[in-house]
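Novice: My questions will all concern the structure given below.
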Amino acid sequence: MPVVRVLSKVAKQALLAPACGCQPLTVAIRNISFSPRQVTSGSDASFHSVSFSETDHPKVLITGGLGQLGVGLAKLLRKRFGKNNVILSDIRKPPSNVFHSGPFIYSDILDYKNLREIVVNNRITWLVHYSALLSAVGEANVPLARAVNITGLHNILDIAAEHGLRLFVPSTIGAFGPTSPRNPTPDLCVQRPRTIYGVSKVHAELMGEYYHHRYGLDFRCLRYPGIISADSQPGGGTTDYAVQIFHDAIKTGKFECNLKPDTRLPMMYIDDCLRATLEVMEAPAESLSMRTYNINAMSFTPEELANEVQKQLPDLQVTYEIDSVRQAIADSWPMNFDDSNARNDWGWKHDYDLPELVQTMLNFIGSDSRIAQAN
Ligand SMILES: NC(=O)C1=CN([C@@H]2O[C@H](COP(=O)(O)OP(=O)(O)OC[C@H]3O[C@@H](n4cnc5c(N)ncnc54)[C@H](O)[C@@H]3O)[C@@H](O)[C@H]2O)C=CC1
Ligand SMILES: CC(=O)[C@H](N)C(=O)O
């Protein structure tokens, strides 16, 4: 009898066996046609929560952790759960300050066995899956984006379901498209994105929710707006202009914007984004009426952002040289994001609006460049 069928039979017998106080048999989801963690539809979502009663803190693995968001998230989670309880991973070589700030491990999400080994050997309980190719770089390399964002996600889902992990996968405003309502965009509406990035993120939302209902996976997902950060560079997205303007304003006093001046997009300062991520991961399962939420802070156009920066740096010169790929993407994305479900269900509240964002970014980058000049 083929191995798969033997495993399937053993697992079925284990499920059918009378209650004996034994641990349920955990069999790799990949090797059988159903999961021992399978639940009937309509069952209480709170059943799915990983219990931390045996340990004070979750043990967290962050994939794709050397991008714009991962290092900041590791810092926040390490403050809360302890340095050694949060492992950053990526396929890139970490800079020395990151390498020395806490555990770092090589992990290619396309290597399923390596992922499983990391999860098992480190007794991981939470997985934050940040690896991805963003919207603009995804359009430049569709086969790679498809592999990382879709095949990689399948590996992550299977590992998380097999090992009973709480799984966070970020989605994005890019999961909506030209036929979605754009002003505002609610949680539930038509989603027909026109980028491989958007298609892969809708796929991630649906697969995560499916694994939640089918296998009891504790899947949690936030659709982030464009994220703005001072100490980490964005990885090739459509909203990158809103980070670059601060660096150019301070370094050269000139900024060439690749989107039209009136392109309105939802945006958020990184501290709000990372705090939202921690909050939704810590939210009691019974407070989550959904598993994928929009979160928002502000919406602005390049012109409005430039005007706000010019209040502090009046000499800043802004010109526009439109990138047609990015502009087409931005024109299909939400202009305003409705995040009322996140606010009602688990108390989401942003701290930074446009004036605070601009002040914080200029202070941060300004003090960095003064230090660099002094050295
Ligand atoms: N930064 C933003 O504005 C937003 C980000 N998000 C999502 O948040 C997550 C993190 O975003 P960022 O940090 O900005 O992305 P990023 O592009 O800066 O970083 C992604 C990381 O994934 C890594 N990676 C690529 N292929 C990999 C592989 N095969 N195995 C392991 N790692 C691999 C890269 O080396 C990179 O460090 C992504 O899933 C993104 O879609 C969602 C909305 C907005
Ligand atoms: C909004 C995002 O998902 C990202 N910053 C991008 O522009 O691709």
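When you line the sequence shown up against my numbering, it's residues 811 to 1185, in that order. Ideal Cβ placement from N, Cα and C applies to all residues, glycine included.
(1) From N1151 to G874, what does the alpha carbon distance come to, in whole angstroms?
(2) Please list the terminal residues of the continuous alpha helix (DSSP H) segment that includes D936.
(3) Which one or two residues does DSSP pair with V1033 in a beta bridge?
(4) Can you find a heavy atom of ligand 1 that lies under 7 Å from the Cβ of G1063?
(5) Could you check where the beta strand (DSSP E) with I872 kicks off and where it finishes?
(6) Is L1123 near F1065, with beta carbons less than 8 Å apart?
(7) Excluding the 5 residues flanking C999 on each side, which residues of the same chain have their C-beta closer than 7 Å to its C-beta?
(8) Measuring CB atoms only, is the segment 1024-1035 touching the segment 966-983, in the sense that at least three cross pairs come out at less than 8 Å?
(9) Going by other Cβ atoms of all chains shown within 10 Å of its Cβ, with 16 needed for buried, is S1177 buried or exposed?
(10) Answer yes if the segment 1046-1055 comes into contact with the segment 1147-1163, meaning at least three C-beta pairs across the two stretches below 8 Å, and no otherwise.
(11) Any residue with its C-beta under 7 Å from a non-hydrogen atom of ligand 2 counts. Can you list them all in chain order?
(12) Around the Cβ of P1003, are there at least 16 other Cβ atoms within 10 angstroms (buried) or fewer (exposed)?
(13) Of all the options L977, E1118 and V1009, which has the alpha carbon lying nearest to the alpha carbon of P988?
(14) Given that a residue counts as buried once 16 or more other Cβ atoms are within 10 Å of its Cβ, and exposed if not, what is Q1183?
(15) Strictly by DSSP, which residues pair up with L1075?
(16) Is S1109 a contact residue of ligand 1, with contact defined as CB to any heavy atom under 7 Å?
(17) Taking 7 Å as the cut-off, is the beta-carbon of R902 closer than that to any non-hydrogen atom of ligand 1?
(18) I want to check one thing, is the minimum distance from the CB of S911 to the heavy atoms of ligand 1 below 7 Å?
(19) Under the criterion of a Cβ to heavy atom distance below 7 Å, does S917 qualify as lining ligand 1?
(20) Is it buried or exposed for F1110, if we count other Cβ within 10 angstroms and need 16 for buried?
(21) G1176 CB to nearest chain D CB: under 8 Å?
(22) Would A1040 and L963 be called neighbours here (beta carbons separated by less than 8 Å)?
(23) Going by the DSSP bridge assignment, what does S899 pair with across the sheet?
(24) If you measure between the beta carbons of L1167 and Y1051, is that distance less than 8 Å?
(25) Quick check: does the Cβ of A1152 come within less than 7 Å of any heavy atom belonging to ligand 4?
(26) Does the Cβ of S1142 lie closer than 7 Å to at least one heavy atom of ligand 1?
(27) According to DSSP, is V929 helix, strand or coil?
(28) Ordered along the chain, which non-local residues of its own chain (more than five positions away) have a Cβ less than 7 Å from that of V1135?
Specialist: Quick answer:
(1) 28 Å
(2) According to the sequence as given, residue 936 is Trp; it is not Asp. First-last for W936: W936 to H939, but that is the beta strand (DSSP E), not the alpha helix (DSSP H).
(3) The sequence shown places Arg at residue 1033, rather than the Val named in the question. Beta-bridge partners assigned by DSSP to R1033: S981 and N1104.
(4) no
(5) V870 to T873
(6) no
(7) S990 and P991
(8) yes
(9) With fewer than 16 other Cβ atoms within 10 Å, it is exposed.
(10) Because the criterion of three Cβ pairs below 8 Å is not met, the segment 1147-1163 and the segment 1046-1055 do not touch.
(11) L944, S945, A946, T982, I983, G984, Y1007, Y1034, P1035, G1036, I1037, P1044, G1047, T1048, T1049 and D1050
(12) buried
(13) V1009
(14) Exposed, because fewer than 16 other Cβ atoms sit within 10 Å of the Cβ of Q1183.
(15) F1110
(16) no
(17) yes
(18) no
(19) yes
(20) buried
(21) Reference to chain D is not applicable here, since this structure consists of a single protein chain.
(22) no
(23) I915
(24) Between L1167 and Y1051, the gap from beta carbon to beta carbon reaches 8 Å or more.
(25) This structure lacks ligand 4; its bound ligands are ligand 1 and ligand 2.
(26) Not so, every heavy atom of ligand 1 lies at least 7 Å from the Cβ.
(27) V929: helix per DSSP, three-state reduction.
(28) A946 and E949
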